[in-house]
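Participant: Before I ask anything, here is the structure I am working with.
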Amino acid sequence: MTRSRDSTTTLQANNALGPPPSPPPHAEPVYFVSPMTQDSSECSASPLSSPTPPWQQYPMTPYTSNPPIRQPSTSSNRYPPTLGINIGQHTSTTTRSSRIMSVNVYPAFLSHVAFELRQRVILGPRLKNGVEYQNAFDGQEAVDKLLIILGTTNRHLAVRVGRALGQQRSFHDVIYERQLVDSSSEIYQFDERLLIPTGQDSGSPGSMTLDDSDNDDDNDDIPPPPSAATEHFYDSLFGQRFDIRQSFTLVDEFPCGVFTELTHCYSPTCLLDDRPCYSLSCPKILAYERQKRHLREQSIDTTVEDRSSFSTGSLHDYYRQHELWSNTVPQQLRDTISEMEWKRQESIFELIFTEDNFVRSIDYLNEMWIEPISQSDIIIPNAQWRETFLKSVFANIMTIRNIHVQLLSALQARQREHPIVSMIGDVMLEHVYNMEPLIQYGASRYQAKFALEHERMINRPFAAFASRTEAHPSSRRLQLNAFLSSPTTRAGRYSLLLEAILKRTPDNHPDREAIPKVMEIIKGVLDRMNHTAGETKNKFDLRRIHANLRFKNQSDYIDLHLLDPSRRIIKEDRLQKSPSRGSTEYQVILFDHYLIITRVRLEGASLYYVVQRPPIPLEWLMVTTEAQTNASLIGTNSRPTYPLTFHHLGRKGNGGPFTLYCKSEPARKPWLDKIHQMQAIRERRAVFKMIPAIKSRTMSSMYKAHHLVTFNGGQQYVLATDNGVYVGHTEESSVPSKILDIQHVTQVHVLEGAQKLLVLADRILWEYALHVVNNTQPKNDERRTMIETSVPFFHVGVCLQRTTICVPRKNRLNTSITLYEQLTWEDQIKKLKKARRHIPPKPHPLDLHMRKLERKEYSIPGDVWDIELTNSKMLMSTSRGVIILNMAQDERPGHLLNHEDPLLHFITHRESEDHFRSVQKRIVLFRTPDAEHIVCYDEYAFFIDGNGNRQRPDFIIEWEGSPEAYAFSYPYLLAFEPNFVEICDIVTGERVQIIRGSSIKCLVEHNIYRSKIPIVFGAMNDASEDNYLNIFRLERTVSPLTS
């Protein structure tokens, strides 16, 4: 439990005000913080004489006494109505009750304010003095959020409330020196989450457990680890010294107190006015007194408050009070220099003075922490772990001390030469090259902080020692982490100090050349330290997650290869299941190759990540900002919500989309940016690129596009849509023109030799003269000839050296296939010449009817879904697989696959009569330049030989989606489904590219690869505007391989 300062008072929570709206978990007691104690002057305390060191006072007993109750100050003055209280006031006419309740938070309760502040502040990486701090925010942002939470425009009030939160360690300055400052240059971090034994402090006020859940279906048991190799992460890192198989709770430590200035008065009429009421204990009196003092002083100290002003009176002088150079030299000497040189000497003196204090702070660590821990067998009993702990937490800090002692000695020697220091750059340049150990130290800070908090949690003697030492006057009310971070912050501060010296140095001075070199070297050290620290943090987190990753459903387990040296954590954050306060939280982690959705659980002292849904590869991840409809959430919250819906594309995402909620739009935007950024990086290695085939936003998505064929040497195309037939040029800026106004056109084909256009509309196959492509206006009365009715599709190919049109017709029990031959005028001339007959004038193309081949009608049991012609065979996809007919001889139909081959049992068993399936299958056969055959089924792709036996048994492609069409461009196999296109390399079997989209459809037949111009066309909804279609062609980005 976090205790307030001596100026706080303790009362029972149930004696406080009425129930606030939706508070975070709150327990007794509540500390009432008087706003009169929030001035910066109260950060100091009277000196203490010769206190006993904490390690000499061992053992220690918990502090349980309560401070005396302090009554709020009262006054008998009456307050004129012209001096209204400007606390939480938007306008002078806004009532107090409407101001406070409008944000649904009772701002007098610091635990409520702290909770809302964590919800609203957006954390991210921030730079200060060249040092990068993760999960940080600036002071101005914090004040802006507090203004919203408090419902006020008074920034001074927001600063004081923020400082009240900071005094109870809700957040801290990254260098642990300053309280909240309303400035964008001051950087702060929230205190890290702590693991606290439930038997000790889990019921402390203001604590919130992570596992507060609104999902009754979640299983609280930790699933078993996938392998024994990941069992002992904490043991290997921190050592197993205690029996820590006890109950622990993950909590957020919120401040616990009441800001009396913002409380409601007990008088019911007081809520209707901003002025104090008749009561002498009205909280507005305190606000009024403060406002009068503020108006009188015309300013308030909302700037830097240096905690170092705390007078320690400690056993050892670990800190020198701030001094000025002008106070250390005689007045006569000071009067001999110019004002600019005076300021330069003050800057040099500050450099040397702060260097001295920095060395003293390391001496504090050595004498107050390192030596007591290393010499005591009570604080950390296990000698081996004691040594490991000291190396982990304090690293090479004594090496750094030696470097800075040498620098300090050189600076002080220069200072002793003459009170007016002539130059400082040469000394800095001589020693700055020795700062390389800072890189190693900075890289160890993240793991050191983790080890320190873990030791506090499991080792109560150490926790008691740490608490007593941090409370010692020598610590100046700073936590251990403040001193541990001083080497890195000191390196960043050099640039500021040297810049101040350089700014006041004359142009012809030697320091003008030396100091910039020193600053450049320090900048390089900081850049390398930041990079190394980021890499080390990434590896440590990956190792920790890998060791503690569990799967709720063992069937979802996959090896994420988190220990791969190239693996990266891109983003990690907590998202909520619903927008309501207190909803279940999920820990969402974005790696550079997967996204996982987990729940954080505790078992003993170990923190586990339980994966709730199958991990989503980035290739199969689609994220939207539209929430899935949930009737239970409708009307429950009028506040704006910020949903993120994660879609797992493909057959493995059968769990459906999963919606989580961010706290704000700025918190949601990084998720979208990072995901799209990582997907864009992967798409740079694409082997195909999409080229627009028509001008964008010219075709409405209201009418679907079904089929496209090219003619005239690939320069033009004919497009079949629900709204008619279009023709256009294969250029990006081409605008298609409608030539036939007929509905529900699903397939077209151009017979250039016969100058005919075949059109399948409403299951009726028509033939038109090809000159209709020249129509300037769409027509529905164009001359045409009907070929067949009840036609689901047709196929045109070359078999037995002639162009053949296969037209299937579905009957009740079977499918009959009729074959037609294309007749051309050139063929007619040859026949007439051979018969020596007269050659008439060239007739109209429709006068040359297609010839129906005699004895070439086939009846196939069941449904036929696709037909392909080879040189002498016809392949038909049916519910029982692919059936082959020999067109040259009358033979019994056979199967494409050998059902006796045991290596094909995973496919052939589905094609047997016992496993008859009526669902449509899309089975396609491709021939490679190496004369191999690869068969594409709805789930797999594999090789077969000429006899239908499995070839290359170790090779198989497992489709992630449910393909509806295929295309081939050696060595790449393309599988189209409505949400994406999978592109696989048939040589390696690897999936090399994913093209995502909406309502994707392949517009060409799968045998396009055998044509003279093998261009693959497709259609999808326009990414920027769903109301339009995007017709595209796929173009290779690398040169095709040849056989």
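Using the UniProt record's numbering, the first residue of the sequence shown is number 1, and each one after it goes up by one.
The beta-carbon is built from N, C-alpha and C at its ideal position, and this holds for glycine as well.
Computed from a predicted model, the values in this text were never measured in an experiment.
So, are the CB atoms of SER816 and GLU857 less than 8 Å apart?
Facilitator: Here residue 816 refers to the residue found at position 816 when the sequence shown is read from its first residue. Here residue 857 refers to the residue found at position 857 when the sequence shown is read from its first residue. A contact, by the Cβ cut-off of 8 Å.
Participant: Which same chain residues, not among the five before or five after VAL518, have their C-beta less than 7 Å away from its C-beta?
Facilitator: Position 518 of the sequence shown holds residue 518. Only GLY425, MET428, LEU429, VAL432, LEU498 meet the Cβ criterion.
Participant: Determine the extent of the alpha helix (DSSP H) in which MET529 is found, giving its start and end residues.
Facilitator: Counting from 1 along the sequence shown, the entry for residue 529 is found at position 529. Start and end: 511-547.
Participant: Would a check of beta-carbon distances place ASP335 closer than 8 Å to chain C?
Facilitator: The chain labelled as chain C is not found in the depicted structure, where only one protein chain is given.
Participant: Keeping to the same chain, check which residues put their C-beta closer than 7 Å to that of PRO792; ignore five residues upstream and five downstream.
Facilitator: By 1-based counting over the sequence shown, the position of residue 792 is 792. The answer, listed in chain order, is ARG763, PRO808, LYS810.
Participant: At what residues does the beta strand (DSSP E) containing VAL796 begin and finish?
Facilitator: Numbered from 1 along the sequence shown, position 796 holds the residue referred to as residue 796. From DSSP, the beta strand (DSSP E) with VAL796 extends over 795-799.
Participant: Decide yes or no for the touch test of the region 463-481 against the region 565-573: beta carbon pairs closer than 8 Å, at least 3 of them.
Facilitator: Output reads no: the region 565-573 does not touch the region 463-481.
Participant: Count the other C-beta atoms from every protein chain shown that fall within 10 angstroms of the C-beta of LEU849, then say buried if there are 16 or more, exposed otherwise.
Facilitator: Locating residue 849 in the sequence shown gives position 849, counting from the first residue. Position check: residue 849 holds His in this sequence, whereas Leu was assumed. Counting Cβ neighbours within 10 Å, HIS849 comes out exposed, since fewer than 16 surround it.
Participant: Give me the residue from SER566, LEU563, VAL600, PHE551 with the minimum Cα distance to GLN575.
Facilitator: Taking the sequence shown and counting its residues from 1, one reaches residue 575 at position 575. Correcting the residue type first, residue 575 is Leu in the shown sequence and not Gln. Nearest of SER566, LEU563, VAL600, PHE551 to LEU575, Cα basis: VAL600.
Participant: Tell me which same chain residues have a C-beta within less than 6 Å of the C-beta of TRP369, skipping the five on either side of it?
Facilitator: Taking the sequence shown and counting its residues from 1, one reaches residue 369 at position 369. Answer for TRP369: no residue qualifies.
Participant: DSSP state of ALA464, grouped into three classes?
Facilitator: Sequence index remark: in the sequence shown, residue 464 carries index 464 (1-based). ALA464: helix per DSSP, three-state reduction.
Participant: Under three-state DSSP, which class holds LEU150?
Facilitator: Residue numbering aside, residue 150 sits at position 150 when the sequence shown is read from its first letter. Helix.
Participant: Hey, would you say ALA769 sits closer than 8 Å to LEU1029, going by beta carbons?
Facilitator: The count along the sequence shown starts at 1 and reaches residue 769 at position 769. The count along the sequence shown starts at 1 and reaches residue 1029 at position 1029. No, these two residues do not count as a Cβ contact at 8 Å.
Participant: Quick one, which of GLY724, TYR586, ARG178 has its alpha-carbon nearest TYR661's?
Facilitator: In the sequence shown, the residue the question calls residue 661 occupies position 661. That would be TYR586, whose Cα lies nearest to the Cα of TYR661.
Participant: Starting from VAL427, trace the alpha helix (DSSP H) in both directions and tell me its first and last residue.
Facilitator: The residue you call residue 427 lines up with position 427 of the sequence shown. VAL427 -> alpha helix (DSSP H) spans 425-431.
Participant: Quick check on the burial criterion: 16 or more other C-beta atoms within 10 angstroms. Buried or exposed for ARG512?
Facilitator: In the sequence shown, counting from the first residue as 1, residue 512 sits at position 512. So ARG512 ends up on the exposed side.
Participant: Whole angstroms are fine: how far does the CA of GLY257 sit from the CA of GLU28?
Facilitator: Position 28 of the sequence shown, counting from 1, holds the residue named residue 28. Position 257 of the sequence shown, counting from 1, holds the residue named residue 257. Annotation note: pLDDT 34 at GLU28 (below 50); position unreliable, coordinate value reported separately. Rounded to whole angstroms, GLU28 to GLY257 spans 10 Å at the Cα level.
Participant: So within the region 337-385, which uninterrupted alpha helix (DSSP H) runs reach at least 4 residues, ignoring any that extend past its ends?
Facilitator: List check, alpha helix (DSSP H) in window: 339-365, 371-375.
Participant: Taking contact to mean at least 3 C-beta pairs separated by less than 8 Å, is the region 771-789 in contact with the region 733-750?
Facilitator: Yes: at least three Cβ pairs fall under 8 Å.
Participant: Would PRO68 be called buried (16 or more neighbouring beta carbons within 10 Å of its own) or exposed?
Facilitator: Your numbering for residue 68 matches position 68 in the sequence shown. Unreliable placement is indicated for PRO68, whose pLDDT of 33 sits below 50; the coordinate value is still reported in the next sentence. It is exposed - the Cβ of PRO68 has fewer than 16 other Cβ atoms within 10 Å.
Participant: Starting from the Cα of ARG784, find the closest Cα among ILE545, GLY728, GLN755, PRO617 and give me that residue.
Facilitator: Stepping through the sequence shown from its first residue, residue 784 is reached at position 784. Comparing Cα-Cα distances from ARG784 to each of ILE545, GLY728, GLN755, PRO617, the minimum goes to GLN755.
Participant: Following the continuous beta strand (DSSP E) through HIS771, name the residue where it begins and the one where it ends.
Facilitator: In the sequence shown, the residue the question calls residue 771 occupies position 771. Neither: HIS771 is in no beta strand (DSSP E) and is coded neither H nor E.
Participant: Using C-beta distances below 8 Å, list every residue in its chain close to GLU826, excluding the 5 sequence neighbours before and after it, in chain order.
Facilitator: Position 826 of the sequence shown, counted from the start, is the residue given in the question as residue 826. The residues are GLY753.
Participant: What does TYR594 pair with, by DSSP beta-bridge criteria?
Facilitator: Stepping through the sequence shown from its first residue, residue 594 is reached at position 594. In the DSSP output, where bridge partners are listed per residue, TYR594 has PRO617.
Participant: Thinking C-beta only, is THR928 closer than 8 Å to VAL687?
Facilitator: The count along the sequence shown starts at 1 and reaches residue 687 at position 687. The count along the sequence shown starts at 1 and reaches residue 928 at position 928. Not closer than 8 Å, so no.
Participant: Identify every run of the beta strand (DSSP E) within the region 843-884, keeping only runs that are complete inside it and at least 3 residues long; order them along the chain.
Facilitator: Complete beta strand (DSSP E) runs here, min 3: 851-861, 864-869, 873-878.
Participant: Could you spell out the range, first to last residue, of the alpha helix (DSSP H) harbouring PRO643?
Facilitator: Here residue 643 corresponds to residue number 643 of the sequence shown, with the count starting at 1. Run containing PRO643: none in the alpha helix (DSSP H); it sits in the beta strand (DSSP E), 642-648.
Participant: Counting Cβ pairs closer than 8 Å, one from the region 377-387 and one from the region 454-464, do we hit at least three?
Facilitator: With the cut-off at 8 Å, the region 377-387 and the region 454-464 touch.
Participant: Reducing DSSP to helix, strand and coil, say where TRP766 ends up.
Facilitator: Within the sequence shown, numbered from 1, the residue matching residue 766 stands at position 766. Here TRP766 sits in strand by DSSP.
Participant: What does a CB cutoff of less than 6 Å around residue 1055 pick up in its chain, not counting 5 residues either side in sequence?
Facilitator: The question about residue 1055 has no answer here: the residues shown for the chain are numbered 1 through 1043.
Participant: If we ignore side chains and look at the alpha-carbon of each, how far apart do GLN679 and LEU590 end up?
Facilitator: In the sequence shown, residue 679 corresponds to position 679, counting from 1. In the sequence shown, residue 590 corresponds to position 590, counting from 1. Cα-Cα distance, rounded: 12 Å.
Participant: So, helix, strand or coil for GLY257, using DSSP?
Facilitator: Taking the first residue of the sequence shown as position 1, residue 257 is located at position 257. Of the three classes helix, strand and coil, the one that applies to GLY257 here is coil, per DSSP.
Participant: Along the beta strand (DSSP E) that carries residue 1109, what are the first and last residues, could you check?
Facilitator: Nothing in the structure corresponds to residue 1109, since the chain is present only between 1 and 1043.
Participant: Grouping DSSP H, G and I as helix and E and B as strand, with all else coil, what is ASN1030?
Facilitator: For the purposes of this step, residue 1030 is identified with residue 1030 of the sequence shown, where counting begins at 1. The answer is strand: DSSP assigns ASN1030 an E or B state.
Participant: Quick one: using the 10 Å Cβ neighbour count with 16 as the cut-off for buried, is HIS707 buried or exposed?
Facilitator: Counting from 1 along the sequence shown, the entry for residue 707 is found at position 707. Result: buried.
Participant: Roughly how many angstroms separate the alpha carbons of LEU194 and ILE616, rounded to a whole number?
Facilitator: Translated into the one-based positions of the sequence shown, residue 194 becomes position 194. Translated into the one-based positions of the sequence shown, residue 616 becomes position 616. Low per-residue confidence applies at LEU194: pLDDT is 35, beneath 50, and the placement is therefore not dependable, though the value from the model is reported in the following sentence. Looking at the two C-alpha atoms, the distance is approximately 30 Å.
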